[in-house]
Every structure is written in C-alpha cells, then in structure tokens.
Amino acid sequence: MSRFFKSSIGRKVAMALSAFFLMFFLLQHFAINILSVFSADTFNEVSHFMGTNPLIQFVLQPVLIFGVVFHFVMGFILELKNRSARNIAYVKNNGSANSSWMSRNMIWSGVAILAFIILHFIDFWFPEINTKFIEGDWSGMHGGELRYFHELQEKFVSPIRVGAYVLAFVFLALHLLHGFTSAFQSMGATAGRKKTLQNIGKAYSILIPLGFIIIALYHHFNHIH
Amino acid sequence: MDLTLKIWRQKNASDKGKMVDYKVTNISEHMSFLEMMDVLNEQLVNSGDEPVAFDHDCREGICGMCSMYINGEAHGPDRGVTTCQLHMRMFKDGDTITIEPFRAAAFPVIKDLVVDRSAFDRIQQAGGYISVNTSGNTQDANSIPISKHAADEAMDAATCIGCGACVASCKNSSAMLFVGAKVSQYALLPQGQVEATDRVQNMVAQMDLEGFGNCTNTGACEIECPKGISLENIARMNRELMKASF
Amino acid sequence: MALDSKVPKGPIKDKWTDYKNHIDLVNPANKRHIDIIVVGTGLAGGSAAATLAELGYNVKAFCYQDSPRRAHSIAAQGGINAAKNYQGDGDSTYRLFYDTVKGGDYRSREANVHRLAEVSTNIIDQCVAQGVPFARDYGGLLDNRSFGGVLVSRTFYAKGQTGQQLLLGAYSAMNRQIARGKIQMYNRHEMLDVVKVDGKARGIIARDLITGKIERHSAHAVVIASGGYGNVYFLSTNAMGSNATAAWKIHKKGAYFANPCYTQIHPTCIPRSGDYQSKLTLMSESLRNDGRIWVPKNMEDVMAIREGRKKPTDLSEEERDYYLERRYPAFGNLVPRDVASRAAKERCDAGYGVNATGEAVYLDFKSAINRYGKEQAKIHNISNPSEEKTYELGQAIVEEKYGNLFQMYEKIVDQNPYKTPMMIYPAVHYTMGGVWVDYNLMTTVDGLYCIGEANFSEHGANRLGASALMQGLADGYFVLPYTIGDYLSHDIRTGKISTDTKEFEEAEKEVTDRINFFIDNKGTKSVDHFHKKLGDIMWNKVGMSRNEKGLKEAISEIKALREEFWKEVSVPGTANEMNPELEKAGRVSDFLELGELFAKDALERNESCGGHFREESVELDGEQKGEAKRKDKEYAYVSAWEYKGEPSDAILHKEQLEFKDIELKQRSYK
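Chains as they are written, first to last, in this note's numbering: chain A, 44 to 268; chain B, 632 to 877; chain C, 626 to 1295.
Following this line, the structure appears as structure tokens:
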C-alpha cells in the first residue's frame, strides 16, 4: 500500500480522494450558506451548531484542514514533478488544439483559490479561532443575539471584497469543471458512466460556485438597501 | 505551394541545438509530410549541407517510428494519423511550419528530430508480456472462449503503435496512455489474469522510474493519438493498480 | 559445391516428426555457454530470438529500428493461415500444403512446405496463449476469413493489423527474455558483414547507428532474419529502411542466393500520385473478399472519367468490365496475387486505366455493401428497407471489417471509398527469392542460418496471401530452434569465440574502408538519385512482365549505373555520428549488385511461373490462351547463385525439385 501511494498513480488517486472530500465539504458549506438568504435565524442556529459541536470542531475541522493542505501541497509537488518531466519546452505548442484551458491550468486556478482561501481565513476563520480559542467565548452571542448572520452581512459590504469573492468563485468553477471528472477518471471510473458523470460534473461545477456568488451579491445589495 | 520551415537542428545529444529556417518550393498537396521533408533533404544534400535527421520507416502509419511535433502538435494538425500519413493538403501556400522533436525528459534528443524512446521498451520489459513459453505446446486456441466484446476491446488497446505522441502531447510528458493501453490489453483477456497483479505494479514502477510525468486527465493524448487509443485505458490501469495494491 | 537440401527420408507426413526424434540435442547446462546472433527482429527474427533465449542460449539480437517492435512485419494487414479447420470447410494440413505448393506454381521444396503446414496450427495456439487479440465471433471462438488462391477460410486475423499483433506477441516474448538477461538487444544497429572462422559463421560486424561506432560481435551461430529485398525497386510496400544488406553480405561471403527473380507484385495498392512518391501503400488483399475489381468496358468512358466528365458511379453494370470475374469464373476476384496483378496490368496496358497516369483500376464495394445491408435488414426485421437504409446497414458491416483500411485510403487519396470505388494498382510487395537454405534453414555457410522472407522460402514462385506471417513465425518459433540445436550440439566444447582474431580484424577493416570511401567520395549526386534510377530500370524491365531484350538491357544499364554510383555518389556528414545518408549509401550499393543478379536470374529462367512472367512463355491456344506457361521439364529447379565478384560472374547451381506427393499441373483458376 505504501508502494501504491508512492507511485504516480497512487498520488493522483490521493489527489482525487482529497478532492472528493473537499467537494463534499463545499457542498455542505453551500447548503449552510444558502440558508442565510432564506432565514437569518436558521442560518444562525446551524452556524452555531457547526461552530460549537465538539465532533465538528475537534475531529472534522482538523481533517478538513489536513485535506486542504494536502490537496495544495500534493498539487504543487506533482506540478513540479510534471514540469521536470519536460526539460526543454516546445518553441511552438498548440495546447488548445487538444485540451481545455481548465485542464491545462489547474495549477493557476488552484493558486487563485488558495489566495481566496487565505483571504477567507483572514475574514472568517482567524476571527472565529480568536473568539473561541483565545478569548474563550463559545457562546456565539454578540449584542444579545447570535452573531453569525450579522458577521456574514458585514463582510459583503465592500464591493472590492465582493468582487474578489466573485472572481475567486469563477476560478473555482474553472477548477471544478476539469477537476470533478478528472477525479473520477483518476479513481478509474468507467466509460459507460462517463457521460452521466460529465453532466453531473458540469452541473456541480457551475451551480455551486454560482450559488456562492448569488449569496454574496444578495447580501451585498440587500445590505446597501 | 511554397513553404517556410522552422526546424530544430541539433548535432547530437550533447549539442545545445537551435531552430533553423528553410524554404521549400513547388510542394504538391498530394505529398505526404515526410515526402516534403525528403524534398528538403534532397535540396540540402545537393547543396552540400547535412540533411535533417528524422525517424521514419514504414510510411504507412503502423511502425510508430515517425515522431515530429508539427505546428505545436504531435504528428501535426490532422487527426488519427502519424506524420507519414499527414498530407500537405492540410497546409496552405506561404505557410510557416514549425517542426520540433518530441519533447520529454524521458525521450532525449539523439539528433535533430530523432529522439530516444527506449524508455517504452524498458516499460514493456518490466511486465508487458504473458509468461508462456514458446514451445507451441499450449492448449488449443479455441479452448479459451473470449467474448467478442472483450476481444475487440483488447484489440483496440493493442492497436497502440508506441510512437510516443501521447507523451509528446501531454503537458506533463506522461506515458500513461501508452502504459494504460498495454496493461489494458492483457487485463481484458483471460490469458493475462494470472500475472495481472505483478504486471501492472512493475510496469507502473518502471514508468515512474523513467521520469515520465503524471496524468492530469487533460485528454490531449487521446486526441493526438494516431490510433485513437481511449483514455478509458488509463482509467482501467488505475483500477488495475488499485486492485493489485489493496 | 553440390547443393544438398538435406531433406530427411521417409513419407512426407512423417519427415519432420522423424527428424525431430533423431537430431542431436544440447544439454541445458551447455546451452548457457553458447551464443547466437540474430539479425532482424521481425516475426522470424523476433520469434527465433525469444525461443532460443528461452531454450537457454545467449542471444544477441540486432535491429536497425529504434525498437524491435517496429520491424516491417508490423505492416502486414490481412492475416495468417493455419490448417485449423475451425470452419469445418474441409481444410487440413494436406490441403494447406497442397494450396501452398500449387500457389507457389510448383517451384517450392515439398518437404519444407509440408513442415510449414504441420506447424501452422501451433502458431495460432502459441499466439493466443501470448495474448494476441485475434478476431472472434459472437460465440467467443476464433473467426476466419478467406484469402486469394484458396477455397477454404483458414486465415486468422486481428482487424487489418494482424502483422502488428503477431509482431507485438513475438516482441513481448522477447521482452520477457530481455528482462531475464537472456537476450541482449542492440537497437539502432546495422549488421554490415558476417565473420567466418575456419569456414563457419562466427560473428558479425555491426555499426551503431547513433555513434557510428563499428563493433565486433562473436557467436557460435549467426541467424539472418532481415527480410526481403523489394526495395531494389525503390518504390515498394516495404519500409523505407528495409534492405538486403545482411542477406547480400552473407551472399558475398559464400551463401548462395536463390531465385532472385521471384518477386511478388501485390495487386491491391494505392496507385502512385507523382514523382516525389517515396513508397507505396498496400491495401490488404482481404479487401478482395468483398470488393469487385473493374474497369470501364468502353474507351469513351475511360476518357470521360480521366477528364472528370464522368464519375465511376455513373457507369451502369453493363458498362463495366469485371475482368477477373470474366476471365477466371471459378476464383473471380480471389485469384492469386500474381494472376490479379498481371490482369490489372493487361487492362491498363490496353489503355483502360482509370486515373491520370493510366495505372489504376477500381475496387468496388457497392455490391458487398448492398448484400450485407439486405442481410442486416433481415436480421433486424426491417421489411422493405429504403435503398439508403440498406446501404447504411451494409456500410456498418464493411466498416467493421475494413474500417481502418478505408480510413487509411481516405487519408492518403482524399476520397471516400464508401461513396466512390477505390483506385488500386499493383506494387512490389514481397520477395519469394532469397538466401538459399537447406531443410535445416542453414545456408551454404556452416553455422549461418537464414529465416523468414530473407531466405528463398517455401513460397516457390508466388506466395499466397497470409502465408508470410505463417512462415516467419514457423521458422522462428518451431523450426529453427530444433535445427540449430542439432548443429550446435557439436559446438559445446568450443568455448567463447574471441573477436581479437585476424578474421574479425579483416572484416572490420573491409567495413570501415567502405564507409570511409562513401564519406570521402564527395560526388555530385545523392544516394536517392541512384536508387530511383535503379528502381525505374527494375520496374520497367524486370517488373510484372519480362522479356529477353528488356532483361539484357536492364543488366547493362544496372552495371553502368553501378559504375556511375561509385564515382558520383555524395554522402554528407561524417562516419562517427548518426548519418542516414551513409546508411542508405551502403544499402543502395548492395541493391545495385543484387538488381543485376535479379535480372540475370530472370533472363536465365525462360519460363513463366508465379510472379515471374516471361512474355516468351505463354499458352498460345486453348482455354488457357494468353496465360503464363510453366516449363516443368526444363525449369523445375531452384536457381542458387554463387558469388564470384561481379554479378555477371555469378555461377548457377541447380537444386532439382522433386514432386512426389503433388502432381505437377497447370495452375488453373478458371
């Protein structure tokens, strides 16, 4: 088994497995966020549960962080190895003739997503950690009510941040448009199922990021009015 | 038609190499690309220059020897053909054509457009066979019925000519389409089952050792493959390796 | 030296079995101390190298390609014959033997052909065990197709890439032995001479084609499996690198060269399109199973088609001349290759050729597509299908059978063969002649073997379709491994052969001198210039139809061309690097000698047999009027030529052919 994960195929299987995990997480994250559009109270309750449940905080959160870090680090390692597999570049290379832009630029869409995640951590995660683990405040309360919805709204006031947010999700969509089916292919998905997979992949890759964008724009314009 | 050719010239493996411009005139659209190269070489020989070295042999698209990267694509802009089957009707009068060797760290340039693809041989030596002796004392050929579907699929995988276009086209110089096709041929046949575990593990290990990149499923290899080897073969190899490892 | 074919005594069906029972064997421990060199890694060389290594010998294998898998056997399309009788249509070892002898126009050695037919079934078993994906029917059993010149379906195939799949099978067997260290593989190496010590072949001189280094390699026996010499015509279906150098060098060192004039001109190739043409592309003979060959009946239609005023599809059935069906009603479009080729030439010479050069006939699939379409409609319960629907259903079947060939045709010619008939014309394809060998496949030099297309083989004066693959693998897998053991059993005490001897030194010097000559010559004409000229002479005067006057002219023209070659040939670059022009120069210099011997042999054989057609020898009347006339009383022998310097000095030795089991008859396909 260790031989497997040291092999090229093993590594891409590992990439695919971490991708599946992250895609599942993304779906879950979206499901919670979309609640904010419909009901501030429900969103607050669910957020509070997620933010304070020990299983989520002490087991799933580290796993998630590991998953994110692993996916990035492995992505970079593979990119470096792949680059070294061609020591002299072509003078003329017509990549668009045989492959999509998304598939050839996973590293760049990935870097854009990484930049966004850093921003996201600064915006949400670091303050959360600060509140809960340094200040020791696990109440989730602020000014007499659950603070999550309010915090969310505040973040979407600045048009620049919203712009960056939207752009990041465009990159995420591009990353997913290749990554979704690619992960299945790496896991050995068969041709018979491919068409269905491709359609599900397309739907997921466009709808989820689009949903996040709509949430952001919704709060941005709602808050202003 | 008249053409400008930009060709990679490199005296030997240790030479640095550079692109050099040439002109050819009166090229017929019915010529194959290699016949156009013959015209250039005849021209070079007659003027006392060294002709461009390039690999070619059968000139009917089956030996897998020819290997040029033409205008940014392995075997040029046409689909489902090797360079020797690429015809000049794909180009227009006045075109500039860039011709480079297949590029991969595992395919070092020997001279001009000639590269060393012996890495492919070594991968096959690592397990691309069925260990049956050649005495002819095997069981009757019809004693193992094989479904037509499996036989056809195995044949589709076995069609690979080992030209290396997959490696050349892949942005990662990955050899997985080639190895996947070989693994698949045997994985699809009952004769190949006995050694399936070792075969896929050893072939993948050798592939990694040769310095090929990893597969990121761009699909470029499948599009550029002159024999239309399907990406499905890579998926099958992934399955085979997982099956063998767990 | 008198020729001794060493055919064992006894009834023909027992010869091979008895032979195997009585030969000397080499003990496994001793095999480890015996080296064998195999030159060429096609079906014959590859299978021989793998099997010899498996038996325990140390094998050194050489090929000029960058991998053994690229040898030109890979280009064989149609299939491989075997007397399995899976179809239950009356096939048997005897019938395969009979068909091959008859197909070869009674100019092959009976005992060899029978042995070939005997081991043919083992080949299929062997290949299936190796994972060769032969075509199968829906019941999961092996499928067969039929080929020209026979009345049974005995051809096994893997789409239109049978040669490729068989070669990959042999290559995989080699890989297994390379991995075990039993085969040392020398890719991109060319054998440039054989080394004889005390009259026995003991090694070769080879050039590393990457570095230009000249190397000495020693062995206890040398096997030449370097293929045929079709490229003497410049244009042929052979690979660009296919050459006669190994075979010709051993000829110059004492191996007799047999029947050089027996050349197969394959009837179904894509016609040439211009002077720049570098090679010709074969369309598998299997196409003749379903394609009908025709030219227009009327000269007006020929002209109209050539000038583009009419399309072939415009002509009605009555306006077409299905000349093979007309002349040979029994075999029709499935007559043997030589007959089909000459018939095409006859029509084109009479002015009925359908393309601009006047050298093309049609191969039409319309009837087959309609026939299959109707059959499919029945199977799918479609009553009264429209014409389009029938065509569509039929096209799917034809596509499944020949899809890759149709695609290849379209890529080259830029016409869709499903819509308009293919144009075809004969082209040089295979050489039945080659190095003379005895029953053991040994040449007239001790310890020097020759197998596959390189030897003069079991195909007589004409090879039947799908028999070359059979012979190559039979020689390599199942015949040579026995016969060579018998010879090597006397060599177990010899020990390692040194390359530090005067014989190796002399051979190396000869090779080096020749290379230096080319580099230093600084002539004015490229190698290809001479090769094309030689090809023109060969095609025009020693081609599909030969006569005394033309052959005499050819001999003197080739001689003159050779002299000019040595004065004027220009080879750029140096000897110590990869130098394709230098490689070609060496090969063409050998073709220039072989071509002359070829014409000389054709002149000497004043009869028409198989691929060799002498205009002086035709039937003058009766049902067979105009057909080739064989002269068994005068020419039932193998012509084996001994090298004596110039080809004109070569001495003819005759191996009389005896036909005890098959009656000599006129070969009729009427």
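Even for Gly, the Cβ is constructed at its ideal location relative to N, Cα and C.
### Buried or exposed by the 16-neighbour rule on C-beta atoms within 10 Å, applied to K1166/C
K1166/C comes out buried.
### Query
With a cut-off of 8 Å, do at least 3 Cβ pairs link the segment 761-777 of chain C to the segment 900-913 of chain C?
Short answer: they touch.
### Message
Below 8 Å on the Cβ atoms is my contact criterion, and I expect G795/B with F843/B to pass it. Report the Cβ-Cβ distance as a whole number of Å.
### Response
At roughly 10 Å, the Cβ-Cβ gap does not stay under 8 Å, so G795/B and F843/B are not in contact.
### Query
By a C-beta neighbour count over all protein chains shown, 10 Å radius and 16 as the cutoff for buried, is S805/B buried or exposed?
It is buried - the Cβ of S805/B has at least 16 other Cβ atoms within 10 Å.
### Message
Going by the DSSP bridge assignment, what does W1266/C pair with across the sheet?
### Response
Partner residues in the beta bridge of W1266/C, as assigned by DSSP, are F882/C and L1277/C.
### Query
Within the 8 Å Cβ cut-off, does A788/B reach chain A?
Among the residues facing chain A, A788/B is not included, as its CB has no counterpart in that chain under 8 Å away.
### Task
Measuring alpha carbon to alpha carbon, tell me which of K1174/C, I1004/C, G1211/C and G976/C ends up nearest F1190/C.
If we check each option's Cα against that of F1190/C, G1211/C comes out closest.
### Task
Go to T906/C, then tell me how far its alpha helix (DSSP H) extends in each direction, as first and last residue.
Where T906/C is concerned, there is no enclosing alpha helix (DSSP H), given that its DSSP letter is neither H nor E.
### Query
Cα-Cα, which of I830/C, Y1055/C and H647/C is closest to A1132/C?
Checked all of I830/C, Y1055/C and H647/C; the closest Cα to A1132/C is I830/C.
### Query
Can you tell which of N1009/C, K1036/C, A993/C and N1006/C has the C-alpha that lies nearest to the C-alpha of Q1020/C?
Among N1009/C, K1036/C, A993/C and N1006/C, the Cα nearest to that of Q1020/C is on A993/C.
### Query
According to DSSP, is C688/C helix, strand or coil?
Coil at C688/C, not helix or strand.
#### Entry: Within 8 Å, strictly: CB atoms of Y987/C and I918/C
A contact, by the Cβ cut-off of 8 Å.
### 6 Å CB neighbourhood of R1171/C in its chain, flanking five on each side removed
Setting aside the 5 residues that flank it on each side, R1171/C is surrounded in the same chain by A1227 and R1239, each with a C-beta closer than 6 Å to its C-beta; the list follows chain order.
### Message
By the three-class DSSP mapping on this structure, what secondary structure does Q889/C have?
### Response
Strand, per DSSP.
### Query
Can we say the segment 723-730 of chain C touches the segment 695-704 of chain C, given the rule of at least three CB pairs closer than 8 Å?
Contact between the segment 723-730 of chain C and the segment 695-704 of chain C is absent, because fewer than three Cβ pairs lie under 8 Å.
### Rounded straight-line distance, which links the Cα of V684/C to that of L588/C
Coverage of chain C is limited to positions 626 through 1295, which leaves residue 588/C absent and any answer about it impossible.
### Message
Less than 8 Å between the beta carbons of G983/C and C973/C, yes or no?
### Response
It is a contact, given that the beta carbons lie within the stated cut-off.
### Query
For W181/A, which residues from the same chain have a beta carbon less than 8 Å from its beta carbon, with the 5 sequence-adjacent residues on both sides left out?
The residues are T95 and K175.
### Message
I need the straight-line Cα distance from H91/A to F81/A, nearest angstrom please.
### Response
Just so you know, the alpha carbons of H91/A and F81/A end up roughly 17 Å apart.
### Query
Does the Cβ-Cβ distance between G1160/C and L905/C come in under 8 Å?
Not a contact, by the Cβ cut-off of 8 Å.
### Task
Could you pull out every residue in the same chain whose Cβ sits closer than 6 Å to the Cβ of D787/B, ignoring the five residues on either side in sequence?
Apart from sequence neighbours up to five positions away, no residue of its chain approaches D787/B with a beta-carbon distance below 6 Å.
#### Entry: Bridge partners - A1253/C, DSSP secondary structure assignment
DSSP lists V1243/C as partners of A1253/C.
### Task
Output the residue ranges of the alpha helix (DSSP H) runs that lie fully inside the segment 728-768 of chain B and measure 4 residues or longer, sorted by chain position.
With a minimum length of 4 residues, the unbroken runs of alpha helix (DSSP H) contained wholly in the segment 728-768 of chain B fall at 749-756.
### Task
With H842/C as the anchor, note down where its beta strand (DSSP E) starts and where it stops.
Under the DSSP assignment, H842/C falls in the beta strand (DSSP E) whose first and last residues are I839 to S843.
### Query
Is the Cβ-Cβ distance between N130/A and A684/B less than 8 Å?
Contact flag unset, no.
### Task
For I1049/C, name the three-state secondary structure that DSSP assigns.
Per DSSP, reduced to three states, the secondary structure at I1049/C is strand.
#### Entry: Meets three-Cβ-pair contact criterion under 8 Å: the segment 867-878 of chain C and the segment 1088-1105 of chain C
Touching, no.
### Task
Taking P653/C as part of the alpha helix (DSSP H), name the residues at either end of that continuous run.
That run of the alpha helix (DSSP H) goes P653 to K656.
### Message
Please list, in chain order, the chain A residues whose beta carbon lies closer than 8 Å to that of E731/B.
### Response
Per Cβ cutoff of 8 Å: Y133, V134 and K135.
### Message
Since R813/C and D833/C should fall inside the 8 Å C-beta cutoff, what is the C-beta to C-beta distance between them, to a whole number of angstroms?
### Response
In this structure R813/C is in contact with D833/C, their Cβ atoms being roughly 7 Å apart against a cut-off of 8 Å.
### Query
DSSP state of T666/C, grouped into three classes?
Coil, per DSSP.
#### Entry: For A633/B, the three-state DSSP class (helix, strand or coil)
For clarity, residue 633/B is Asp in the given sequence; the question names Ala instead. Annotated three-state conformation of D633/B is coil, per DSSP.
### Message
I need the straight-line Cα distance from H658/C to D1116/C, nearest angstrom please.
### Response
Taken atom to atom, the span from the alpha-carbon of H658/C to that of D1116/C is near 10 Å.
### Query
Does Q1096/C get closer than 8 Å to chain B when you measure Cβ to Cβ?
The beta-carbon of Q1096/C is placed no less than 8 Å from the nearest beta-carbon of chain B.
### Query
How many angstroms separate the CA atom of A826/C from the CA atom of R830/B?
Note on geometry: alpha-carbon atoms of A826/C and R830/B lie some 39 Å from one another.
### Task
Report the residue from D633/B, N677/B, D669/B and N643/B whose alpha carbon sits nearest the alpha carbon of T1149/C.
Nearest of D633/B, N677/B, D669/B and N643/B to T1149/C, Cα basis: N677/B.
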